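Working notes, beginning with the structure itself.
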Amino acid sequence: MTPRFHLFGKIFSGFWLATIAVLGSWLVSSHYFDTGPDRGELEYRTQGQPQRFVMRMIYDLQNLDDRAMRAAITAAGTEHDVDIFLLDNRGEDLLGRAVPPNVEAVSRQLQGIRRRAFLRSGGEHLLAHEIYRPGTGMLRAVFVFRPSRHRLLGLLGSNLWLRIGLAVVISGAICYLLSTLLTRRIKSLQLASRQLANGRLDTRLQVRQRGGDETDELARDFNSMAEQLQERIESQKRLLGDVSHELRSPLARLRIALALAQEQPQGTRAHLARIERETERLEELIGQLLDSQGPDTALDDHIDLVPLLQQLCSDAKFEGAAQSKRVTLATHLPEAIVASTGDLLHKCFENILRNALNHTPPDSDIEVRLAQTGDEYRVQVSDCGGGVPARELARIFEAFYRTDTARTRDTGGHGMGLAIARRAIGRHGGQIWAENTAQGLAVIVILPCPGSGDSGAKINITGTLTCDDGNL
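Each position in the sequence shown, counted from 1, maps to that position plus 1 in the working numbering.
Here it is in structure tokens:
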């Protein structure tokens, strides 16, 4: 929908009207109300007549003889566009020239103790000054600054509406440029938003690296939003592709098993067993997908990490016993209560432990450490599986990501376990990351204590925990 009033029009009209009001008030007041000597002095200075010229002429008029005085007056008229009249007490010019009415008007202002007067008449500016000339007595010298060489300035000085019109045009141009500057970045943001909405996820705004203003901050926020949106959409596309790939393999095996069962009735039992296993794998995969993409629920319950980890370590120890994989829990905490709901944390730590079991070689150790630092709990699961390339440490928490594409189904899984763990820990306001150790890989989980708020940074724990659980 097209806006009724554009932002550019609002800014432009607001600035322009305010400027016109200020300039108009000044022009009108200076034209009608300001008639004091300061106004006259300003006006004759604007005609380009330096004050020293006037003072020099007053000195010459008082001290030069008649011939030199006449020459000075003539030179002033030809070189400076200034007519100079010398009036006596009767108002007559000493040089016998006709006295214009405006000259008479400004000369009559020299009364009492006032020795200087100013007047603007048409395009001319008049300055009257009392002088004393030996042999003649007190005279009134009137300087008439003609606008012949400054017609535009003279015209402006005598025409109020033309001055107002010129002020409106100039102020309008300045306000237009200012409004354009203010709205240009907003228009760029509007265009970028439309491009982003049309699917161009790589759209970004240019941002000045140094300086800048609020529009640059807005552009940075837009770029950050666009980057996050692009990452999420691309992640969803990858997830959709990975899901399709993961579902295609068991479905293909199901079709093959069904075809063999139809062609070889004598082996139906074996084929049905294969179909059952593949169906269970599909059910497991769909369940993991639901766990990783399910809605967030309120953390309206509490769980003790100590018995939870004890039970999970006991189960993992039982599963790894056939290959002499040892699982130990080290902690000095009698309890570690955290806010939770359902079995989110159970699935989280179960997936982390199962990942460690799958990648730890036979006759090796898996160590689980639980400690408290400040208002946070730290759980570290370390294995002896050889670690992960440093560039892939962050990616192992992505859905369906595998560091070794040559692994078998039995050891590789679907690549969903750590993704589910990451989502569960994030739901609890915690953090999870992986680090390579001298023996293998360590997965670290940080969970906030109840009432402490969300964890905001990674925490490095030093030292050794020596209290082992006696049941393991």
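Backbone N, C-alpha and C define an ideal beta-carbon position, used for all residues, glycine too. None of these values were measured; they are calculated from a predicted model.
Asked: Closest to residue 446 by CA distance: which of 422, 117 and 438 is it?; Found: 422
Asked: Excluding the 5 residues flanking residue 385 on each side, which residues of the same chain have their C-beta closer than 7 Å to its C-beta?; Found: 361, 362, 365, 366, 440 and 441
Asked: Under 8 Å: do the region 138-149 and the region 99-111 share three or more Cβ pairs, one atom per stretch?; Found: yes
Asked: Looking at residue 322: is its Cβ nearer than 7 Å to the Cβ of residue 358?; Found: no
Asked: Rounding to the nearest angstrom, what Cα-Cα distance links residue 12 and residue 378 in this structure?; Found: 55 Å
Asked: With burial defined as no fewer than 16 other Cβ atoms inside 10 Å of the residue's Cβ, what is the status of residue 393: buried or exposed?; Found: exposed
Asked: Between the Cα of residue 191 and those of 57, 76, 54 and 206, spot the shortest distance and give me the residue it belongs to.; Found: 206
Asked: Could you tell me the alpha carbon to alpha carbon distance between residue 85 and residue 74, rounded to whole angstroms?; Found: 6 Å
Asked: Helix, strand or coil for residue 333? Go by DSSP, reduced to three states.; Found: coil
Asked: Residue 361 lies in the beta strand (DSSP E); which residues open and close that run?; Found: It is not in any beta strand (DSSP E) - residue 361 carries neither H nor E in the DSSP assignment.
Asked: Return the CA-CA distance between residue 329 and residue 346, expressed in angstroms with no decimal places.; Found: 19 Å
Asked: Using a 10 Å radius around the Cβ and a threshold of 16 neighbouring Cβ atoms, would you call residue 162 buried or exposed?; Found: exposed
Asked: Give the DSSP-derived three-state secondary structure of residue 438 in the structure shown.; Found: coil
Asked: Going by the CB atoms, is the gap between residue 337 and residue 313 shorter than 7 Å?; Found: no
Asked: Kindly indicate which residue of 354, 117 and 382 has the alpha-carbon position closest to the one of residue 331.; Found: 382
Asked: Classify residue 22: buried if its beta carbon has 16 or more other beta carbons within 10 angstroms, exposed otherwise.; Found: exposed
Asked: Quick check on residue 265: buried or exposed, where buried means 16 or more other Cβ atoms within 10 Å of its Cβ?; Found: exposed
Asked: Please return the same chain residues whose Cβ sits closer than 8 Å to the Cβ of residue 349, not counting the five positions on each side in sequence.; Found: 421, 422, 425, 426 and 446
Asked: Which residues share a DSSP beta bridge with residue 276?; Found: Its beta-bridge partners do not exist; DSSP assigns none.
Asked: Nearest-angstrom Cα distance between residue 135 and residue 63?; Found: 7 Å
Asked: Would residue 256 and residue 279 qualify as a contact pair, given that the criterion is a beta-carbon distance under 7 Å?; Found: no
Asked: Excluding the 5 residues flanking residue 209 on each side, which residues of the same chain have their C-beta closer than 7 Å to its C-beta?; Found: 217
Asked: Applying the criterion that 16 or more other CB atoms from any shown protein chain within 10 Å of the CB defines a buried residue, is residue 227 buried or exposed?; Found: buried
Asked: DSSP puts residue 129 in a beta bridge; with which residues?; Found: 118 and 143
Asked: With C-beta atoms as the reference, is residue 430 less than 7 Å away from residue 451?; Found: no
Asked: Alpha carbon to alpha carbon, how far is residue 89 from residue 172? Give it in angstroms, no decimals.; Found: 48 Å
Asked: I'd like the span of the alpha helix (DSSP H) that includes residue 312, first residue to last.; Found: 306-321
Asked: Output the distance between the C-alpha atoms of residue 197 and residue 273, rounded to the nearest integer angstrom.; Found: 50 Å
Asked: Label residue 81 either buried or exposed according to how many other C-beta atoms from any shown protein chain fall within 10 Å of its C-beta, with 16 as the threshold for buried.; Found: buried
Asked: Does DSSP classify residue 383 as helix, strand or coil?; Found: strand
Asked: According to DSSP, simplified to helix, strand and coil, what is residue 303?; Found: strand
Asked: Give the DSSP-derived three-state secondary structure of residue 53 in the structure shown.; Found: helix
Asked: Work out the CA separation of residue 119 and residue 55 for me, nearest whole Å.; Found: 13 Å
Asked: When we look at the beta-carbon of residue 170 and count the other beta-carbons within 10 Å, is it buried (16 or more) or exposed?; Found: exposed
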